[in-house]
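Visitor: Dropping a structure here in structure tokens format, bear with me for questions.
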Amino acid sequence: MAKLPASMFFTSLIALALHAGPADAQLARTFLSANGSDSNTCARAAPCRTLQVAHNKTNAGGEINVLDPAGYGAVTIDKSISIVNEGVGSAGILVTGGGTGITINGGVNDKINLRGLIIEGGGVGQHGIVFNAGKSLTIENCVIRNMTNDGIQFLPTASSSLAVSNSFVADNGNIGIIVYPNGSGAATAEFNRVEVYNSGNQGILVAGGTSNGSVTATIADSVAARNANSGFLVTLPGAASVSLMVARSVSSNNGTGISSNGGANATVRAVQSIITGNNFGWSTTSGGVFLSYGDNAIDGNADDGGIPPLVSKR
7 MAKLPASMFF
17 TSLIALALHA
27 GPADAQLART
37 FLSANGSDSN
47 TCARAAPCRT
57 LQVAHNKTNA
67 GGEINVLDPA
77 GYGAVTIDKS
87 ISIVNEGVGS
97 AGILVTGGGT
107 GITINGGVND
117 KINLRGLIIE
127 GGGVGQHGIV
137 FNAGKSLTIE
147 NCVIRNMTND
157 GIQFLPTASS
167 SLAVSNSFVA
177 DNGNIGIIVY
187 PNGSGAATAE
197 FNRVEVYNSG
207 NQGILVAGGT
217 SNGSVTATIA
227 DSVAARNANS
237 GFLVTLPGAA
247 SVSLMVARSV
257 SSNNGTGISS
267 NGGANATVRA
277 VQSIITGNNF
287 GWSTTSGGVF
297 LSYGDNAIDG
307 NADDGGIPPL
317 VSKR
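Below, the structure is given as structure tokens:
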């Protein structure tokens, strides 16, 4: 058998490496810039221009970093990833007519983190963020506004968690934030320093969905105001049990401040919170439960609703 000279052998290896490397390469950390190009590698010295291309060029578990203010386009996420704007200015997604800003179709163990983004519907975009599947979604320091439908939809099909903090959700045509699991498994949601304004329907809705698992949510140090229906609502359309704890929060100038609907397994508890300026302070329908720890301010509503059932602190 003929043998290649050593020089030719190594030259062939180098050529193969150069041919395969750039096409297959993904980075643990990628970068976006207003002056970037999607034909770049998305490395720091050669940033990309759109979120979708940066996502596709980032390893699972990696991070996309925003270098300067711009609009970076919608993205569909199908793996663990973080999208981070650390205060460089407005890192935006302008949602096109009938579209969604960020769609998440992750695997059962995928964790998605979003920080410092502005998702603008402009009165034509349908949804800001839609989470269909994944292990967890964390949203921090984000703005979601002016959608024709919902600001944030959390619709997991298996056990999953949502955490939203320091974020602003406003002027959406239907629901500001909806938790509505489908399938099986438990769902949890935590909202901390979240403000939801001017929704055409509910501010924050926590629902049993069509899941057969439990749904547990906490709202702390947050505001729901000027939403057409309830500021905070728990409902139980499915077989799951649903519970919501509201702590040190404000529900004002809504149709109803706090509502619970759907039987004894739909429960809202409130502590150190303010319910004022609403048409109805609080309400329960179809056997829903609202419990107060006795230290809430329920006053100044067109109908305060009387003194709610009390629960003792432990």
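Anchor point for the sequence shown: position 172 equals 178 in the working numbering, and the numbering is continuous, going up by one each time. Heads up, the beta-carbon is just placed ideally off N, CA and C, and yes, glycines get one too.
#1: From which residue to which residue does the beta strand (DSSP E) around A176 run?
#2: Let me check one thing: in DSSP terms, what residues is H133 bridge-paired to?
#3: Among D309, R320 and G312, which residue has its Cα nearest to the Cα of Y299?
#4: Within its chain, find whatever has a CB closer than 7 Å to the CB of V114; leave out the 5 residues flanking it on each side and keep chain order.
#5: Which residue comes first and which comes last in the alpha helix (DSSP H) that contains L57?
#6: Quick one: what's Y78 bridged to in DSSP?
#7: Of all the options Q208, A76, V72 and C48, which has the alpha carbon lying nearest to the alpha carbon of N65?
#8: Tell me the residue span of the beta strand (DSSP E) that contains L242.
#9: If you reduce the DSSP assignment to three classes, tell me which class C148 lands in.
#10: For R4, is the classification buried or exposed, using 16 other Cβ atoms within 10 angstroms of its Cβ as the cut-off for buried?
#11: Output the boundary residues of the beta strand (DSSP E) element that contains R121.
#12: What number of angstroms, rounded off, separates the C-alpha of E196 from the C-alpha of T224?
#13: Kindly indicate which three-state DSSP category K319 falls into: helix, strand or coil?
#14: G209 and G182: beta carbons closer than 8 Å?
#15: Less than 8 Å between the CB atoms is what I'm expecting for A246 and S217, so what's the real figure, rounded?
#16: Just the Cα atoms here: how many angstroms apart are P243 and I158?
#17: Quick one: what does DSSP say D305 is sitting in, helix, strand or coil?
#18: Taking only runs that begin and end inside the segment 205-236, name each unbroken beta strand (DSSP E) of 3 or more residues, in chain order.
#19: What does DSSP give as the partner residues of I87 in its beta bridges?
#20: Using DSSP with H/G/I as helix, E/B as strand and the rest coil, what is S289?
#21: Here's the rule I'm using: 16 or more other beta-carbon atoms within 10 Å means buried, otherwise exposed. How should G294 be labelled?
#22: Within 10 angstroms of the Cβ of Q132, are there 16 or more other Cβ atoms? Answer buried if so, exposed if not.
#23: For G300, which of helix, strand or coil comes out of DSSP?
#24: Give the single residue among G68, G128 and I87 whose Cα lies nearest to the Cα of R151.
#25: Indicate the three-state DSSP secondary structure (helix, strand or coil) for I181 in the structure shown.
Guide: Quick answer:
#1: As a first step, residue 176 is located in the sequence shown; it is residue number 170 there, counting from the start. Where A176 is concerned, the enclosing beta strand (DSSP E) stretches over S166 to A176.
#2: Start at 1 with the first residue of the sequence shown, and residue 133 comes out as number 127. Answer is T106, bridged to H133.
#3: For this step, residue 299 is matched to residue 293 along the sequence shown. It is R320 whose Cα lies nearest to the Cα of Y299.
#4: Along the sequence shown, one-based indexing puts residue 114 at 108. The beta carbon of V114 is closer than 7 Å to those of K141 and A164 in its chain, skipping five residues each way along the sequence.
#5: In the sequence shown, residue 57 corresponds to position 51, counting from 1. Unbroken alpha helix (DSSP H) run through L57: L57 to N62.
#6: Along the sequence shown, one-based indexing puts residue 78 at 72. DSSP lists no partner for Y78.
#7: The residue given as residue 65 occupies position 59 in the sequence shown. Of Q208, A76, V72 and C48, the residue nearest in Cα terms is C48.
#8: Translated into positions along the sequence shown, residue 242 becomes position 236. No beta strand (DSSP E) contains L242, which DSSP labels as neither H nor E.
#9: For the purposes of this step, residue 148 is identified with residue 142 of the sequence shown, where counting begins at 1. Here C148 sits in coil by DSSP.
#10: The structure shown does not extend to residue 4, since the chain spans only 7 to 320, so no value can be given for it.
#11: Here the question's residue 121 lines up with position 115 in the sequence shown. From DSSP, the beta strand (DSSP E) with R121 extends over K117 to R121.
#12: Reading the sequence shown from its first residue, position 190 is the one you call residue 196. Reading the sequence shown from its first residue, position 218 is the one you call residue 224. So the two alpha carbons sit approximately 5 Å from each other.
#13: Along the sequence shown, read from residue 1 onward, the residue named residue 319 stands at position 313. Coil.
#14: For the purposes of this step, residue 209 is taken as residue 203 along the sequence shown, with counting starting at 1. For the purposes of this step, residue 182 is taken as residue 176 along the sequence shown, with counting starting at 1. Yes, these two residues count as a Cβ contact at 8 Å.
#15: Residue 246 sits at position 240 when you count from the first residue of the sequence shown. Residue 217 sits at position 211 when you count from the first residue of the sequence shown. Going by Cβ atoms, the distance from A246 to S217 rounds to 5 Å, so yes, they are a contact pair.
#16: Start at 1 with the first residue of the sequence shown, and residue 243 comes out as number 237. Start at 1 with the first residue of the sequence shown, and residue 158 comes out as number 152. Looking at the two C-alpha atoms, the distance is approximately 19 Å.
#17: Numbered from 1 along the sequence shown, position 299 holds the residue referred to as residue 305. Collapsing the DSSP output to three states places D305 in coil.
#18: Segments of the beta strand (DSSP E) lying fully in the segment 205-236: 210-213, 221-226 and 229-231.
#19: Residue numbering aside, residue 87 sits at position 81 when the sequence shown is read from its first letter. I87 pairs with G68 and I118.
#20: Along the sequence shown, one-based indexing puts residue 289 at 283. In the structure shown, S289 sits in a strand (DSSP, three-state: E or B).
#21: Here residue 294 is taken as the residue at index 288 of the sequence shown, counted from 1. Buried, by the Cβ-count rule.
#22: In the sequence shown, counting from the first residue as 1, residue 132 sits at position 126. Q132 counts as buried, since at least 16 other C-beta atoms from the protein chains shown sit within 10 angstroms of its C-beta.
#23: Start at 1 with the first residue of the sequence shown, and residue 300 comes out as number 294. Correct three-state label for G300: coil.
#24: In the sequence shown, counting from the first residue as 1, residue 151 sits at position 145. Comparing Cα-Cα distances from R151 to each of G68, G128 and I87, the minimum goes to G128.
#25: Position 175 of the sequence shown, counted from the first residue, corresponds to residue 181. If DSSP states are grouped into helix, strand and coil, I181 belongs with coil.
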